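Single-structure report; data block below.
Numbering (the numbering used here), first residue to last: 19 to 828.
This is the structure in structure tokens:
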């Protein structure tokens, strides 16, 4: 028999006066959430602090969802304290809160099969070994120095690598079993929590099987006709002008909903994944000779008759995807537990709908200009509203707010027949589907949201559904849109309280400020999308963040430090951004200085060849010796007549040609801006605003290339460093220092120290400074062993830098 809880509980927004939890159930229920100050040995909550109840919303005969929030009360949760919670279930339509004696999450039939022992359900949500424990959370502290935030993005079920959310489960378990000082307070998920376009045929077969078991109907796509099966959807996607016309793209609201359930919970996954003939019915694979199929499966050489290569490709893809999906399914027990015990906040990602649906005007208008394209984008946005936005901003789904209206429209549309086009259009408009001319409905839900405390604030920015197209409806086909248009960006930043001194501000979204510098043409083509693709937007963003609500110092300069989080880019990287302005763009004569820590998360589960290469080898810019970028700009008056071309602005001079002639260096744009690192040119005009980007690597590059006396290298042994084991011919190519956290600092030297002939080479050149784990056989820089260059022990970090300073400075 099937369990009642299809997904969840997912702990969502937690504030001092309110707690929200998301659940997906098999049947209609009344749901009561209670938050407790403690629990007894039988996992019964003690000391009720907050309570709230809600009825589920039907999305189909066998799918009912709810984000239940505690009622606003005068009671406030204590910062830094751990609380427990429990959910009670009853008949839908019941008035008020349900009594505590009814069925709960741990009752047989809810998380575990009806005949299972209740004790088997507790480890699915609680921590503490075999004992009975309620799910719990630690309220974020007021002190930003104690705030612990986990940041993930981009989970692809058939992607390679481990699942980062399973690591979150390990982190919580370790904290609960220890002193609790490392327990995360927030889980921030920036984009692509599910994938609608990069769906494998095997995953789509799993999804369709789940929907069949639930009896959830598909909405009828415009034009009618049966839905194409797994691996058969590319022609439909191409006809509908999808920017990413893949062969197993999600299409209906039911499919988008099921993908969320399968990404967050193991409940709907089959015990055995679909076999090849289920995924690809009618494929010619079984007609191939048995010895050929065996050779293909073993990776042995084989000969194929003409025209059957696609069949073999399908089989190999199915094999690889099945292995990856099995690993993904196995990790979901840990994923569900982590999401039940840490407040989860999300932002939209483009792959959650369809990559490119909101890209350059040409592609966006094409997809939104077809009936099927509009329906599919609307379905993706509606699913985001229900499964993610509802928990981010529960207040927007109450009373007469846009989210409450959307839920009411869904109840009219989905549970029975496929529904009418007007009902689907109403839901899509409330979810934020723009017009064919890229205009977003003014009554649509807003997906920006923030968590605010007196000494820190975390703002999650929607960089997908409120994009700014230069020229609006008349946007040029190739114009890259701003991730957020000027007006909504200004509004969301204005809603943040003015930062006091030493306030930590974290801005999170799915779009990074800058991309990594490409190492070759392949990386340049496959490079990430960023704010700097729309330079005006990047300057406006930094100008607003650096100045809005910030009090100027006695010298008239506004100063601020912020953290920028982004994800969904295929690989992780870190940069430091230094911003300065004599007149911040769009802010008048306002002087500003700001420093941003810009951290981009690697995929939570989606290892790519380029990503592995980047993380293994590090990265470097192709056009400059050091990994940095600088962007500068000027404010110039805008001509009131938009038909006139943008004026040219002279900023310096170009290189002299062969005859010695120089030409003016001119830029255009509103604002005129450029990347100051590009080419050998002379910049004469003082920029009004600029930002400098340093790309941080897994090596301390600033010490590399220095020449130092061999005697000084040997002198490091008096500061805790160790000479390595002699290599072939008695050569020592590195010197190492053990660190308190189990890592080892390594300095590579050339030509190295000759045993017995130390004076042979009086000088050494430092070729690399890097970290690795203790116990590794270290004989020189090996990128596959390198670890990120961060030292948790501040004393050890200070001593390490001091050692290197004394080594390299005369």
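Cβ atoms here follow ideal geometry from the backbone N, Cα and C, with glycine treated the same way.
As the structure is a prediction and not an experimental result, all values here were calculated from the model.
In three-state terms, what does DSSP make of residue i?
i	result
residue 45	coil
residue 470	strand
residue 739	coil
residue 461	coil
residue 602	coil
residue 256	helix
residue 609	strand
residue 178	strand
residue 593	strand
residue 706	coil
residue 547	coil
residue 557	helix
residue 577	strand
residue 722	coil
residue 192	helix
residue 230	helix
residue 622	coil
residue 568	coil
residue 26	strand
residue 408	helix
Between residue i and residue j, what straight-line distance do the alpha-carbon atoms span, to the nearest angstrom?
i	j	result
residue 256	residue 173	25 Å
residue 292	residue 168	34 Å
residue 641	residue 20	Only weak support exists for where residue 641 lies, its pLDDT of 38 falling under 50; the value from the coordinates is given anyway. If you take the alpha carbons of residue 641 and residue 20, they lie about 59 Å apart.
residue 486	residue 221	34 Å
residue 476	residue 201	18 Å
residue 25	residue 578	41 Å
residue 617	residue 589	11 Å
residue 767	residue 534	28 Å
residue 498	residue 378	5 Å
residue 750	residue 759	25 Å
residue 770	residue 739	15 Å
residue 37	residue 170	22 Å
residue 649	residue 671	17 Å
residue 113	residue 401	28 Å
residue 726	residue 480	50 Å
residue 540	residue 224	The pLDDT assigned to residue 540 is 43, lower than 50, so where the model puts this residue is not dependable; a value taken from the coordinates is nonetheless given after this. The alpha-carbon atoms of residue 540 and residue 224 are separated by roughly 34 Å.
residue 461	residue 415	13 Å
residue 754	residue 723	18 Å
residue 39	residue 821	50 Å
residue 29	residue 317	45 Å
For residue i, count neighbouring Cβ atoms within 10 angstroms of its own Cβ and tell me buried if that reaches 16, exposed if not.
i	result
residue 457	exposed
residue 381	buried
residue 470	exposed
residue 737	exposed
residue 520	exposed
residue 775	exposed
residue 572	exposed
residue 773	exposed
residue 544	Here the model assigns residue 544 a pLDDT of 41, short of 50, so the residue's position is not dependable and the matter cannot be decided.
residue 702	exposed
residue 71	buried
For my contact list, residue i and residue j are in at a C-beta cut-off of 8 Å; report their separation, rounded to the angstrom.
i	j	result
residue 268	residue 214	4 Å
residue 302	residue 326	6 Å
residue 525	residue 356	Residue 525 to residue 356, Cβ: 24 Å. No contact.
residue 266	residue 212	That pair is no contact at about 13 Å.
residue 764	residue 756	Their Cβ separation, rounded to whole angstroms, is 11 Å, which puts residue 764 and residue 756 out of contact at 8 Å.
residue 101	residue 66	Residue 101 to residue 66, Cβ: 11 Å. No contact.
residue 387	residue 454	5 Å
residue 85	residue 409	5 Å
residue 68	residue 50	Actually they are not in contact, since the Cβ atoms of residue 68 and residue 50 sit about 11 Å apart, beyond 8 Å.
residue 429	residue 448	At roughly 13 Å, the Cβ-Cβ gap does not stay under 8 Å, so residue 429 and residue 448 are not in contact.
residue 712	residue 593	6 Å
residue 516	residue 567	4 Å
residue 424	residue 175	Residue 424 to residue 175, Cβ: 27 Å. No contact.
residue 432	residue 294	Not quite, the Cβ-Cβ distance comes to about 33 Å (not below 8 Å), so this is no contact.
Give a yes or no on whether the minimum CB-CB distance between residue i and chain D is below 8 Å.
i	result
residue 347	In the displayed structure, chain D is absent; only one protein chain is listed.
Contiguous beta strand (DSSP E) assignments of at least 3 residues, all confined to the segment 331-404 | 362-365
Segments assigned beta strand (DSSP E), at least 3 residues, entirely inside the segment 743-807 | 749-756, 761-772 and 781-791
Kindly provide the ranges of any alpha helix (DSSP H) runs that are 4 or more residues long and lie completely inside the segment 59-118, ordered along the chain.
-> none
Output the residue ranges of the alpha helix (DSSP H) runs that lie fully inside the segment 410-452 and measure 4 residues or longer, sorted by chain position.
-> 420-431 and 439-449
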